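Peer 1: Residue numbers (the working numbering): 1 to 197.
Ideal placement from N, C-alpha and C gives every residue a C-beta, glycine not left out.
On a predicted model such as this, the values are computed, not experimentally measured, just so you know.
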């Protein structure tokens, strides 16, 4: 990250100290842990020096579990979430990580319904890799350019023909919607969202 970008992030944080933006990551059995943790860690690192060794967070990262209080990533790592779709308060940004678990229809449909119910109170929605299977059924991406992991690109294009799938692109922004190709792009996604703030 360049020094100029870092300075902008630090300045942004100064303006938001009193009210950090809430970033919601969706969790489910079969999530790709690296999609979730890499992007979340970037938001967690966006802090200010509060003096005397204290750090002031610019963002509040929340994980919302769509399967149960505990959910297991593809790798076997178990995550715990205090938030459910029913109890989660207002969010600035919703981020849907990938993983084969989201391709199960009961998971992707529940996520899509929840996003549709919250879209009027949410500023941005992002999908990482296979996370697009949770956002595309909403219809909110119809007519928009998107990217996904190259391994899912042809299936996404077949299942959602109204999307302009660009698998060679690392990160795509179209309006208030962001798509990233996978875990390495998840870091760039988070940095882009922070920089835009």
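1. Leaving out five residues on either side along the sequence, give the residues of the same chain with a beta carbon under 7 angstroms from the beta carbon of residue 16.
2. Specify the secondary structure class of residue 94 as computed by DSSP and reduced to three states.
3. Can you tell me where the alpha helix (DSSP H) holding residue 201 begins and where it ends?
4. Can you have a look at residue 147 and say buried or exposed, based on whether 16 or more other CB atoms are within 10 angstroms of its CB?
5. Decide if residue 149 is buried, meaning its Cβ has at least 16 other Cβ atoms within 10 Å, or exposed.
6. Pick out whichever of 47, 144, 104, 154 has its Cα sitting closest to the Cα of residue 19.
7. What distance in whole Å lies between the Cβ atoms of residue 101 and residue 129, which are believed to be in contact at a cut-off of 8 angstroms?
8. According to DSSP, which residues form a beta bridge with residue 128?
9. Taking only three categories from DSSP, how would you classify residue 69?
10. Please report the straight-line C-alpha distance between residue 134 and residue 178, rounded to a whole angstrom.
11. How would you call residue 137, buried or exposed, if buried means at least 16 neighbouring beta carbons within 10 angstroms?
12. If you draw a straight line from the alpha carbon of residue 160 to that of residue 108, how long is it in whole angstroms?
13. Over the uninterrupted alpha helix (DSSP H) stretch that includes residue 108, give me the two end residues.
14. To the nearest angstrom, how far is the alpha carbon of residue 193 from that of residue 186?
15. Nearest to residue 69 by alpha carbon, out of 61, 86, 60, 112?
16. If you drop the 5 nearest sequence neighbours on each side, which residues of the same chain put their C-beta closer than 6 angstroms to that of residue 92?
Peer 2: Considering the structure as presented:
1. Confidence in residue 16 is poor, its pLDDT being 47 and thus under 50, which makes the residue's placement unreliable; the coordinate value appears in the next sentence. If we look at residue 16 and ignore the five residues flanking it on each side, its Cβ neighbours are 58.
2. strand
3. The structure shown does not extend to residue 201, since the chain spans only 1 to 197, so no value can be given for it.
4. Answer is buried; the Cβ neighbour count reaches 16.
5. buried
6. 47
7. About 12 angstroms; that fails the 8 angstroms criterion.
8. 180
9. coil
10. 13 angstroms
11. buried
12. 13 angstroms
13. 105-118
14. 11 angstroms
15. 86
16. Within the same chain, residue 92 has close Cβ partners 21, 22, 123.
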